[in-house]
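Peer 1: In our numbering, the protein residues as written are 323 to 531.
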Amino acid sequence: MSQQDIRETFVASQPIFDGKVIKVETWQVRLPDGRPAQREVVRHVGAAAVVPVDERGYITLVRQHRVVINEVTWEIPAGKLDFPGEDPLVCAQRELSEETGLSARTWRKLVDAVSTPGYCTESIGLYLATDLTRHAAHTDEDEFLSVASIPLTEAVERAMRGEFRDMKTSLGILMAYYALNASQHLPMQDAVPGPCAQAWYPRAEGAQG
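Encoded structure:
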């Protein structure tokens, strides 16, 4: 079966909810066999996250309460883009500074990951930050955080035991560990400002422009 055989075709969308962070829509699509179907879609502006590793090999994590799951979680510093199309590297640098009081001289792009491709357009730019320096943190007024550092090797062990409920945190820790320990085998480059990995917003069949 070719890729074309499994593709759904976007036909039209209907807005349901327009919030500050997300938009909810229903999409009418055509299945590969020609039948119509409906999808419920969450459109998200996008986000960035960063794995900060210091000269000792320690990673800095943020502890916060996530009311949606009613749990206190340990996560890598992260946040949503301020506007559609913002460079995720700029977002990652901002969140690292605000949440932890750290800045970094060296940034490497790990991946642009989609969090829930079954129904959400969110793309997360994930970075590794090294050569760290410390200054005062400035969290947002509605953020209540605590910060701690642990060895990256310990973070890997905890990730493999499933102790991090946040998926981007486990992914970031494992990718950062591999990047730092097998970098000679990876086609990695220092991160530079550039275009965001844009979420895919379709057009109806026959639409122009």
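Built from N, CA and C at the ideal position, the CB exists for glycine as well. Nothing here was measured: the structure is a model prediction, and the numbers come from that model.
Between which residues of its own chain and T475 is the CB-CB distance below 8 Å, once the five residues before and five after are set aside?
Peer 2: Result list for T475: G379 and Y499, in chain order.
Peer 1: Alpha carbon to alpha carbon, what distance is there between F466 and H457?
Peer 2: Going from the Cα of H457 to the Cα of F466 covers about 18 Å.
Peer 1: Just to confirm, are S492 and A481 a CB contact at a threshold of 7 Å?
Peer 2: The answer is yes: Cβ separation under 7 Å.
Peer 1: Taking the Cβ atom as the reference point for each residue, do I338 and E347 lie within a distance shorter than 7 Å?
Peer 2: Yes, Cβ-Cβ distance for I338 and E347 is below 7 Å.
Peer 1: Give the C-beta separation of A400 and E420 to the nearest angstrom, bearing in mind that I take them to be a contact with Cβ-Cβ under 8 Å.
Peer 2: Rounded, the Cβ-Cβ distance is 11 Å, inconsistent with contact.
Peer 1: Relative to the C-alpha of L432, which residue among K345, T422, I328 and T452 is closest?
Peer 2: Closest by alpha carbon: T452.
Peer 1: How should P354 be labelled, buried or exposed, when 16 other C-beta atoms within 10 angstroms of its C-beta is the threshold for buried?
Peer 2: Exposed, by the Cβ-count rule.
Peer 1: Drop a sphere of 10 angstroms on the beta-carbon of G484, count the other beta-carbons inside from all chains shown, and report buried for 16 or more, exposed for fewer.
Peer 2: Burial call: exposed.
Peer 1: I need the DSSP call for V478, collapsed to helix, strand or coil.
Peer 2: Helix.
Peer 1: Since P374 contacts A426 with CB under 8 Å, what's their CB separation in whole angstroms?
Peer 2: Contact flag correct, Cβ pair sits at about 6 Å.
Peer 1: Under three-state DSSP, which class holds S492?
Peer 2: Looking at S492 - three-state DSSP - the assignment turns out to be helix.
Peer 1: Going by DSSP, what residues sit across from T374 in a beta bridge?
Peer 2: Here the sequence assigns Pro to residue 374, which means Thr is not the residue at that position. Looking at the DSSP assignment, P374 forms a beta bridge with A451.
Peer 1: Look up A300 in the DSSP assignment and say whether it is helix, strand or coil.
Peer 2: For the chain, the structure presents residues 323 to 531; residue 300 sits outside this window and is missing.
Peer 1: What are the start and end residues of the alpha helix (DSSP H) that includes P410?
Peer 2: Start and end: P410 to T422.
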